[in-house]
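K.L.:
Each residue of the sequence shown is one higher than the one before, counting from 258 in my numbering. Every residue, glycine too, gets a C-beta built ideally from N, C-alpha and C.
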Amino acid sequence: MLESIETTATKIKRLEVQGARNIAIVAIKAMETLAQETKAKNKKAFLEELSEAKEILFASRETEPLMRNAVRWIINQVERGGKEKVRDLAKIVSLASQRFLKNLEDSKERIAEIGARRIRNRSVILTHCHSSTVTYLLNKARSEEKFFRVICTETRPIFQGRITAKEMLELGVDTTLIVDSAARFFMNQADFVIVGADAITSEGNVINKIGTSMIALLAQEARTPFYVVSELLKFDPATMYGDYEKIEERNPNEIWKDPPENLTIRNPAFDITRRDFIHGIICEEGIISPHSVIGVMHRKYPWVFE
Ligand code: RUB
Numbered sequence: 258m259l260e261s262i263e264t265t266a267t268k269i270k271r272l273e274v275q276g277a278r279n280i281a282i283v284a285i286k287a288m289e290t291l292a293q294e295t296k297a298k299n300k301k302a303f304l305e306e307l308s309e310a311k312e313i314l315f316a317s318r319e320t321e322p323l324m325r326n327a328v329r330w331i332i333n334q335v336e337r338g339g340k341e342k343v344r345d346l347a348k349i350v351s352l353a354s355q356r357f358l359k360n361l362e363d364s365k366e367r368i369a370e371i372g373a374r375r376i377r378n379r380s381v382i383l384t385h386c387h388s389s390t391v392t393y394l395l396n397k398a399r400s401e402e403k404f405f406r407v408i409c410t411e412t413r414p415i416f417q418g419r420i421t422a423k424e425m426l427e428l429g430v431d432t433t434l435i436v437d438s439a440a441r442f443f444m445n446q447a448d449f450v451i452v453g454a455d456a457i458t459s460e461g462n463v464i465n466k467i468g469t470s471m472i473a474l475l476a477q478e479a480r481t482p483f484y485v486v487s488e489l490l491k492f493d494p495a496t497m498y499g500d501y502e503k504i505e506e507r508n509p510n511e512i513w514k515d516p517p518e519n520l521t522i523r524n525p526a527f528d529i530t531r532r533d534f535i536h537g538i539i540c541e542e543g544i545i546s547p548h549s550v551i552g553v554m555h556r557k558y559p560w561v562f563e
């Protein structure tokens, strides 16, 4: 019965689906499919199925609180919906999924609107990895007839920067691809840096693709503003109660396919950028300081803390 969930989790693990938003979206859709196809006979069995699905999805990638918040919220809606029949419970999953997806879409639109205002004609923007939120924002700026230049890092080990570069070229944006280690060399040309996020902690630190914190560090040294674009629901409530965000460590094969014996290769997928290096977080509530994330979360999404 959990076939759709298993298939989705495998796709996420293998990086056939990439980026925090896309991961959350496919996970939500898999929950919906599960609810449509369930053979559970009663509420208890249905809730057990949802809980098993949750565990499988959570294990697919460790550093993805947006997906976790979405799945948890959907299950909460079912538990609190006051319904008993499986058919009605499945309907709740469907409605909750649609609502969450709509909120994600609205947030993306709002973030793009706000962020695009920061981009002027002839702005030069440096970005790292591939974030669908960043590229949507740049798409928005482009649709406002702004001409700007984008510098993309290639993003070792698996080159997500090439995806960004291709998307930018399709938009007709003047695009330059650089190796990750050339970021300092080009930083003085950039008016600002924009990157996405996988997670935001209660202290306002941001977790994103490995290399992001290095870029933030050198952006500060070059006095180049460093912005993060992120839906607020990438906030991880567990960090508030002392847990550290887990950093996924991936297969060393991604770095070197046939390495010499006895070589230790480490391949963390993400790193943590301290809030002091972040000029602002561009989110659905506006451009906010990393320090204020927790307050904004309490106001806008209080259920996250339950
Ligand atoms: C992708 C990555 C992206 C964030 C944000 O890493 O770090 O910057 O996930 O993306 P990976 P989005 O390729 O390992 O998934 O804005 O699309 O949520």
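LEU383 lies in the alpha helix (DSSP H); which residues open and close that run?
P.N.:
For this step, residue 383 is matched to residue 126 along the sequence shown. Per DSSP, LEU383 belongs to no alpha helix (DSSP H); it is in the beta strand (DSSP E), 381 to 384.
K.L.:
For my contact list, PRO494 and HIS536 are in at a C-beta cut-off of 8 angstroms; report their separation, rounded to the angstrom.
P.N.:
Residue numbering aside, residue 494 sits at position 237 when the sequence shown is read from its first letter. Residue numbering aside, residue 536 sits at position 279 when the sequence shown is read from its first letter. That pair is no contact at about 25 angstroms.
K.L.:
Within its chain, find whatever has a CB closer than 7 angstroms to the CB of ARG507; leave out the 5 residues flanking it on each side and keep chain order.
P.N.:
Against the sequence shown, residue 507 aligns to sequence position 250. ASN524 and ALA526, listed in sequence order.
K.L.:
Mind pulling the alpha helix (DSSP H) runs of 4 or more residues that sit fully within the region 384 to 467?
P.N.:
389 to 400, 417 to 427 and 440 to 444
K.L.:
For GLU502 and GLN417, I'd like the C-alpha separation in whole angstroms.
P.N.:
On the sequence shown, residue 502 is found 245 positions in, with the first residue counted as 1. On the sequence shown, residue 417 is found 160 positions in, with the first residue counted as 1. One C-alpha to the other measures close to 22 angstroms.
K.L.:
Within the present structure, is the beta-carbon of ASP455 separated from the nearest heavy atom of the ligand RUB by less than 6 angstroms?
P.N.:
To locate residue 455, count along the sequence shown from 1; it is residue 198. Yes, the beta carbon of ASP455 sits closer than 6 angstroms to at least one heavy atom of the ligand RUB.
K.L.:
Helix, strand or coil: how does DSSP classify THR585 here?
P.N.:
In the structure as shown, the chain starts at 258 and stops at 563, and residue 585 therefore has no counterpart that could be examined.
K.L.:
Mind checking GLU294: buried by the 16 CB within 10 Å criterion, or exposed?
P.N.:
Mapped onto the sequence shown, residue 294 falls at position 37. Its Cβ having fewer than 16 others within 10 Å, GLU294 is exposed.
K.L.:
For the alpha helix (DSSP H) containing GLY537, list its first residue and its last residue.
P.N.:
Within the sequence shown, the letter at position 280 stands for residue 537. No alpha helix (DSSP H) holds GLY537; the beta strand (DSSP E) holding it covers 537 to 540.
K.L.:
Expressed to the nearest angstrom, what Euclidean distance is found between the alpha-carbon atoms of ASP515 and PRO509?
P.N.:
Position 258 of the sequence shown, counted from the first residue, corresponds to residue 515. Position 252 of the sequence shown, counted from the first residue, corresponds to residue 509. For ASP515 and PRO509, the distance between alpha carbons rounds to 10 angstroms.
K.L.:
Go through its chain and collect everything with a Cβ distance to ARG406's Cβ below 6 angstroms, but skip five positions before and after it.
P.N.:
Translated into the one-based positions of the sequence shown, residue 406 becomes position 149. Cβ neighbours of ARG406 beyond the five flanking positions: VAL381 and ASP431.
K.L.:
Just to confirm the assignment: which complete beta strand (DSSP E) runs, minimum length 3, are found wholly within the region 521 to 563?
P.N.:
527 to 530, 537 to 540 and 543 to 545
K.L.:
Using a Cβ-based criterion (distance less than 6 angstroms to any ligand heavy atom), does THR390 qualify as near the ligand RUB?
P.N.:
Mapped onto the sequence shown, residue 390 falls at position 133. Yes, the Cβ of THR390 comes within 6 angstroms of a heavy atom of the ligand RUB.
K.L.:
Between ILE435 and SER308, what straight-line distance do the alpha-carbon atoms span, to the nearest angstrom?
P.N.:
Numbered from 1 along the sequence shown, position 178 holds the residue referred to as residue 435. Numbered from 1 along the sequence shown, position 51 holds the residue referred to as residue 308. Taking the straight line from one Cα to the other gives about 44 angstroms.
K.L.:
Do three or more CB pairs link the region 456 to 466 to the region 545 to 563 at distances below 8 angstroms?
P.N.:
yes
K.L.:
Name the one or two DSSP bridge partners that TYR484 has.
P.N.:
Indexing the sequence shown from 1 puts residue 484 at position 227. Beta-bridge pairing links TYR484 to ILE451 and GLY537.
K.L.:
Just to confirm my understanding: we take ALA479, look at its own chain, exclude 5 residues before and 5 after, and list those with CB closer than 6 angstroms. What are they?
P.N.:
In the sequence shown, counting from the first residue as 1, residue 479 sits at position 222. So the qualifying residues of the chain are MET444 and ASN445.
K.L.:
Round the Cβ separation of ILE529 and ILE472 to the nearest angstrom and send it over; I've been treating them as touching at under 8 angstroms.
P.N.:
Residue 529 sits at position 272 when you count from the first residue of the sequence shown. Residue 472 sits at position 215 when you count from the first residue of the sequence shown. About 13 angstroms; that fails the 8 angstroms criterion.
K.L.:
Is the beta carbon of GLY276 within less than 6 angstroms of some heavy atom of the ligand RUB?
P.N.:
The sequence position of residue 276 within the sequence shown is 19, counting from 1. Answer for GLY276: yes, Cβ within range of the ligand RUB.
K.L.:
Please confirm if ALA439 has its CB atom under 7 angstroms from at least one CB of chain D.
P.N.:
In summary, chain D is missing from the structure at hand, where a single protein chain is found.
K.L.:
Does the Cβ of ASN396 lie closer than 6 angstroms to at least one heavy atom of the ligand RUB?
P.N.:
Within the sequence shown, the letter at position 139 stands for residue 396. Because no heavy atom of the ligand RUB lies under 6 angstroms away, the Cβ of ASN396 does not count as near it: no.
K.L.:
Within the continuous alpha helix (DSSP H) that includes GLN324, where are the two ends?
P.N.:
For the purposes of this step, residue 324 is taken as residue 67 along the sequence shown, with counting starting at 1. Sequence check: residue 324 is Met here, not Gln. Run containing MET324: 322 to 337, per the alpha helix (DSSP H) assignment.
K.L.:
Under 8 angstroms by Cβ, that's how I've got LYS342 and ALA373 pegged, so tell me the actual separation to the nearest angstrom.
P.N.:
Within the sequence shown, numbered from 1, the residue matching residue 342 stands at position 85. Within the sequence shown, numbered from 1, the residue matching residue 373 stands at position 116. Not confirmed; about 46 angstroms, so no contact.
K.L.:
Taking the CB atoms as reference points, tell me whether ALA297 and GLU306 lie closer together than 7 angstroms.
P.N.:
What you label residue 297 is simply residue 40 of the sequence shown in a count that begins at 1. What you label residue 306 is simply residue 49 of the sequence shown in a count that begins at 1. Yes, these two residues count as a Cβ contact at 7 angstroms.
K.L.:
On the DSSP letters alone, give me the boundaries of the alpha helix (DSSP H) that LEU276 sits inside.
P.N.:
As a first step, residue 276 is located in the sequence shown; it is residue number 19 there, counting from the start. Just to set this straight, residue 276 is Gly in the shown sequence, not Leu. From DSSP, GLY276 is part of no alpha helix (DSSP H); its letter is neither H nor E.
K.L.:
Do LEU394 and VAL452 have their C-beta atoms within less than 7 angstroms of each other?
P.N.:
Translated into the one-based positions of the sequence shown, residue 394 becomes position 137. Translated into the one-based positions of the sequence shown, residue 452 becomes position 195. Their beta carbons are not under 7 angstroms apart, which means LEU394 does not touch VAL452 by this criterion.
K.L.:
Please find out if some non-hydrogen atom of the ligand RUB comes closer than 6 angstroms to the beta-carbon of CYS540.
P.N.:
To locate residue 540, count along the sequence shown from 1; it is residue 283. Checking the Cβ of CYS540 against the ligand RUB gives no.
K.L.:
Determine which residues share a DSSP beta bridge with GLU506 and list them.
P.N.:
The residue labelled residue 506 in the question sits at position 249 within the sequence shown. Beta-bridge pairing links GLU506 to PRO525.
K.L.:
Whose C-alpha, out of GLU370, GLU542, LEU475 and ILE282, is nearest the C-alpha of ARG399?
P.N.:
Your numbering for residue 399 matches position 142 in the sequence shown. Comparing Cα-Cα distances from ARG399 to each of GLU370, GLU542, LEU475 and ILE282, the minimum goes to GLU370.
K.L.:
When DSSP builds the beta bridges, which residues end up paired with PHE492?
P.N.:
Looking up residue 492 in the sequence shown gives position 235. Beta-bridge pairing links PHE492 to ILE457.
K.L.:
By the 10 Å Cβ neighbour count, where 16 or more other Cβ atoms means buried, how is THR267 classified, buried or exposed?
P.N.:
Residue numbering aside, residue 267 sits at position 10 when the sequence shown is read from its first letter. When all chains shown are included, THR267 counts as exposed.
K.L.:
Quick one: does the C-beta of ALA526 sit closer than 6 angstroms to a heavy atom of the ligand RUB?
P.N.:
Looking up residue 526 in the sequence shown gives position 269. Yes; taking the cut-off as 6 angstroms, the Cβ of ALA526 has a heavy atom of the ligand RUB nearer than that.
K.L.:
Give a yes or no on whether the C-beta atoms belonging to ALA284 and LEU314 are separated by under 7 angstroms.
P.N.:
Position 27 of the sequence shown, counted from the start, is the residue given in the question as residue 284. Position 57 of the sequence shown, counted from the start, is the residue given in the question as residue 314. Against a cut-off of 7 angstroms, the Cβ pair of LEU314 and ALA284 comes out as a contact.
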